[in-house]
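A.B. asks:
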Amino acid sequence: MDDPLNSAQPSANTRVKRDMEAVAALGRDAELMLRVRDGDDTGFTMLLERHRAPVIHFLHRMVQNQAIAEELAQEVFLRVYRSRATYEPTAKFTTWLFRIATHVALNWLRDGRKEKGQESLNQKLLDGLERQVPDSGRNIEEEMLYEGKLCEVRQAIESLPVKQRAAVLMHKYEELEYSQIAQALGCSGAAVKSLLFRAYESLRARLSHMA
Numbered sequence: 110m111d112d113p114l115n116s117a118q119p120s121a122n123t124r125v126k127r128d129m130e131a132v133a134a135l136g137r138d139a140e141l142m143l144r145v146r147d148g149d150d151t152g153f154t155m156l157l158e159r160h161r162a163p164v165i166h167f168l169h170r171m172v173q174n175q176a177i178a179e180e181l182a183q184e185v186f187l188r189v190y191r192s193r194a195t196y197e198p199t200a201k202f203t204t205w206l207f208r209i210a211t212h213v214a215l216n217w218l219r220d221g222r223k224e225k226g227q228e229s230l231n232q233k234l235l236d237g238l239e240r241q242v243p244d245s246g247r248n249i250e251e252e253m254l255y256e257g258k259l260c261e262v263r264q265a266i267e268s269l270p271v272k273q274r275a276a277v278l279m280h281k282y283e284e285l286e287y288s289q290i291a292q293a294l295g296c297s298g299a300a301v302k303s304l305l306f307r308a309y310e311s312l313r314a315r316l317s318h319m320a
């Protein structure tokens, strides 16, 4: 009769070898997450320090509210930690992370809670004009024009359907590849290209006067 301990050993060795190959291919984040999976919480702290700011920025652009973005980011990393035991380094950690962040943001938007916490973009613009003009080489009139255009671009992106908005933010601001966006949104690469095409066409039409 086969010894169950001996028969299990090759499987364990295979998993270790696979994990080592994945770390070599996918880098530091995969290594840290594997440490978290094995019970090393310092690895999770390091991942949090590396990725918290980009996740908050992404969520802020999705929900247009800083306080809500920070709250949702906590939920994202809580989900990451809760999923540590089943983590497998089959893709870049950032792809997996932004898939979770996208789902959290979409769920929040669909729950109808957006109106309760929505911060007015116009108010943000007015608040920004009250601050001292940064040392950017622009005078106050130029700064007002710049802020106005920036606000208009944000409003145009915000007006997109939520999946198009998420695709644009990941493509333009987070610089993720089509394959990563596809995994984050749970769709095909062709679907991502279609989402981005429609989104950029809408943005070009809405912002054509700024060309």
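Start counting the sequence shown at 110; every next residue gets the next number (my numbering). Positions of the beta carbon are idealized from the N, C-alpha and C atoms, including for glycine.
Measure the alpha-carbon distance for A162 versus L181 and round it to whole angstroms.
C.D. replies: The count along the sequence shown starts at 1 and reaches residue 162 at position 53. The count along the sequence shown starts at 1 and reaches residue 181 at position 72. Using only the alpha carbons, I get a separation of about 12 Å.
A.B. asks: Mind checking K201: buried by the 16 CB within 10 Å criterion, or exposed?
C.D. replies: By 1-based counting over the sequence shown, the position of residue 201 is 92. Buried, since its Cβ has 16 or more Cβ neighbours within 10 Å.
A.B. asks: Assign Q289 to one of two classes, buried (16 or more other C-beta atoms within 10 Å of its C-beta) or exposed (fewer than that).
C.D. replies: The count along the sequence shown starts at 1 and reaches residue 289 at position 180. Under this definition Q289 is a buried residue.
A.B. asks: Kindly indicate which three-state DSSP category A200 falls into: helix, strand or coil?
C.D. replies: For the purposes of this step, residue 200 is identified with residue 91 of the sequence shown, where counting begins at 1. Looking at A200 - three-state DSSP - the assignment turns out to be coil, as it is neither helix nor strand.
A.B. asks: Are the CB atoms of Q292 and R188 nearer to each other than 8 Å?
C.D. replies: By one-based count along the sequence shown, residue 292 stands at place 183. By one-based count along the sequence shown, residue 188 stands at place 79. Cβ distance not < 8 Å, so Q292 and R188 don't count as in contact.
A.B. asks: What's the call for Q273, buried or exposed, on a 16-neighbour Cβ count within 10 Å?
C.D. replies: Start at 1 with the first residue of the sequence shown, and residue 273 comes out as number 164. Its Cβ being crowded by 16 or more others within 10 Å, Q273 is buried.
A.B. asks: Nearest-angstrom Cα distance between L285 and A299?
C.D. replies: Mapped onto the sequence shown, residue 285 falls at position 176. Mapped onto the sequence shown, residue 299 falls at position 190. Those two C-alpha atoms are separated by around 15 Å.
A.B. asks: For the alpha helix (DSSP H) that contains A194, what are its first and last residues?
C.D. replies: Working through the sequence shown from its first residue, we reach residue 194 at position 85. That residue, A194, is in no alpha helix (DSSP H); it is neither H nor E in DSSP.
A.B. asks: What span of residues does the alpha helix (DSSP H) with S268 cover, start to end?
C.D. replies: The count along the sequence shown starts at 1 and reaches residue 268 at position 159. No alpha helix (DSSP H) holds S268; DSSP gives it neither H nor E.
A.B. asks: What span of residues does the alpha helix (DSSP H) with D150 cover, start to end?
C.D. replies: One-based indexing of the sequence shown puts residue 150 at position 41. D150 to V172 is the span of the alpha helix (DSSP H), which, as asked, contains D150.
A.B. asks: With distances taken Cα to Cα, identify the nearest neighbour of T204 among V164, R315 and L269.
C.D. replies: For the purposes of this step, residue 204 is identified with residue 95 of the sequence shown, where counting begins at 1. Of V164, R315 and L269, the residue nearest in Cα terms is V164.
A.B. asks: When burial is assigned at 16 or more other CB atoms within 10 Å of the CB, is P270 buried or exposed?
C.D. replies: On the sequence shown, residue 270 is found 161 positions in, with the first residue counted as 1. Result: exposed.
A.B. asks: Assign G257 to one of three DSSP states: helix, strand, or coil.
C.D. replies: As a working note, residue 257 is residue 148 in the sequence shown. It is helical.
A.B. asks: So, using beta-carbon positions, are L168 and G152 closer together than 8 Å?
C.D. replies: If you number the sequence shown from 1, residue 168 lands on position 59. If you number the sequence shown from 1, residue 152 lands on position 43. Not a contact, by the Cβ cut-off of 8 Å.
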